[in-house]
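Novice: Here you go, one structure.
Numbering (this note's numbering), first residue to last: 120 to 485.
Written as structure tokens, this is what we have:
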């Protein structure tokens, strides 16, 4: 519009009386345009910010709260969430779209720390500017897992096992990962595919940390007969669990807090075999090639605000990354923090992930 107006003013400048009548209006229009283009980001109208994430973040997580909160701060901005599936599927979608020539995604939110090495190797993210994310100062250093400056943590939790206490007596529940291989649990366990699911990926990393490489392969061969199904994502797996298809599922250490808060029962109990659980940190980053870099930084900063962070525990059922954000009162009782968190270094995952996934696929097919 600006270039069109300037071109018209040049055409009219030599037309005498007509130019004298029109030029003041044109000058006024140009000044107006300059003012519009020089106003803060919040005043820019009808900008769309595409945020790719996982399905549960949208279906019952804080996506709608984040959308409303950010749009209130930035009138005229339209936050559009896109949820292709579980976190692994969201990551895969963005990579596929980038490699096919381009993606609508401006921000990817919900990538697990175990998935970041693969994403970085494929060039998914642009580096972020810490100066544009002042709320990052409120995130403990122990959660800053990406030293390359591409991915910012926004919440964290623990992958554990959850069981139905009305079908399994607590005294009979598995106490170790090895207990899960007992024939009495044949067809009683629901898992997620580590190639597409972040909890599934975390559980595989847990077994590698526990049994070593290649010891984890033999473990999965022993475990495989006890698996009812391996789903593509957490949502599908947990729905099967709630529907009573099997009494044990890979899930999160906050699930009892969820069941007490939402359903009024502690029927869903958390297992931390030998006090363990795999620590998972979820991150967000700016997608390579975005034309909304400033807005993407602003969104990431908003997600790290106390206002947004306090929406995470009662909707996404994870612990907030901002140290100043409060958690619900009953979390002190029901949200379990494993005594011995398990964690593999991103560098180790990056060096071995492709081979580990191939070995896992072979193990469960035998």
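C-beta atoms are modelled at their ideal positions from N, C-alpha and C, and glycine is treated no differently.
Enumerate, from N- to C-terminal direction, the unbroken alpha helix (DSSP H) stretches of 4 or more residues contained entirely within the stretch 341-405.
Specialist: Fully enclosed alpha helix (DSSP H) runs of 4 or longer: 353-361, 374-377.
Novice: Based on the DSSP output, what are the partners of residue 221 in its beta bridges?
Specialist: None; residue 221 has no bridge partner.
Novice: Restricting to Cα atoms, I'd like to know which of 392, 412, 419, 384 is closest to residue 166.
Specialist: The option with the nearest alpha carbon to residue 166 is 412.
Novice: Is residue 215 buried or exposed, if buried means 16 or more other CB atoms sit within 10 Å of its CB?
Specialist: With fewer than 16 Cβ atoms within 10 Å of its Cβ, residue 215 is classed as exposed.
Novice: By how many angstroms is the C-alpha of residue 367 removed from the C-alpha of residue 311?
Specialist: Rounded to the nearest angstrom, the two C-alpha atoms are 12 Å apart.
Novice: If residue 390 and residue 462 are in contact, beta carbons under 8 Å, what's the gap, nearest whole angstrom?
Specialist: That belief does not hold up - the Cβ atoms of residue 390 and residue 462 are roughly 18 Å apart, past 8 Å.
Novice: Can we say the stretch 318-335 touches the stretch 379-388, given the rule of at least three CB pairs closer than 8 Å?
Specialist: With a cut-off of 8 Å, the stretch 379-388 and the stretch 318-335 do not count as touching, because too few Cβ pairs lie within range.
Novice: By Cβ distance, which residues of its chain are closer than 6 Å to residue 453, with the 5 residues on each side in sequence left out?
Specialist: For residue 453, where only same-chain residues beyond five positions count, the Cβ hits under 6 Å are 375, 376, 379.
Novice: Leaving out the 5 sequence neighbours to the left and right, which residues in its chain are closer than 7 Å to residue 395 when beta-carbon positions are compared?
Specialist: Same-chain partners within the cutoff: 457, 459, 461.
Novice: Indicate the three-state DSSP secondary structure (helix, strand or coil) for residue 279 in the structure shown.
Specialist: DSSP places residue 279 in strand when its eight states are reduced to three.
Novice: For residue 289, which residues of its own chain have a beta-carbon under 8 Å away from its beta-carbon, when the five flanking residues on both sides are left out?
Specialist: Cβ within range, chain order: 388.
Novice: Between residue 373 and residue 251, what straight-line distance do the alpha-carbon atoms span, to the nearest angstrom?
Specialist: Near 32 Å, if we compare the C-alpha coordinates of residue 251 and residue 373.
Novice: Where does residue 453 sit, in a helix, a strand or coil, going by DSSP?
Specialist: Helix, per DSSP.
Novice: Using a 10 Å radius around the Cβ and a threshold of 16 neighbouring Cβ atoms, would you call residue 485 buried or exposed?
Specialist: Classification of residue 485: exposed, given that the 10 Å Cβ count is below 16.
Novice: In or out: residue 181 buried (at least 16 other Cβ within 10 Å) or exposed?
Specialist: When all chains shown are included, residue 181 counts as buried.
Novice: Tell whether a beta-carbon distance below 8 Å holds between residue 200 and residue 402.
Specialist: In this structure, residue 402 does not lie closer than 8 Å to residue 200 by Cβ.
Novice: Of the choices 241, 440, 246, whose alpha-carbon is the least far from that of residue 219?
Specialist: Closest option to residue 219, Cα to Cα, is 241.
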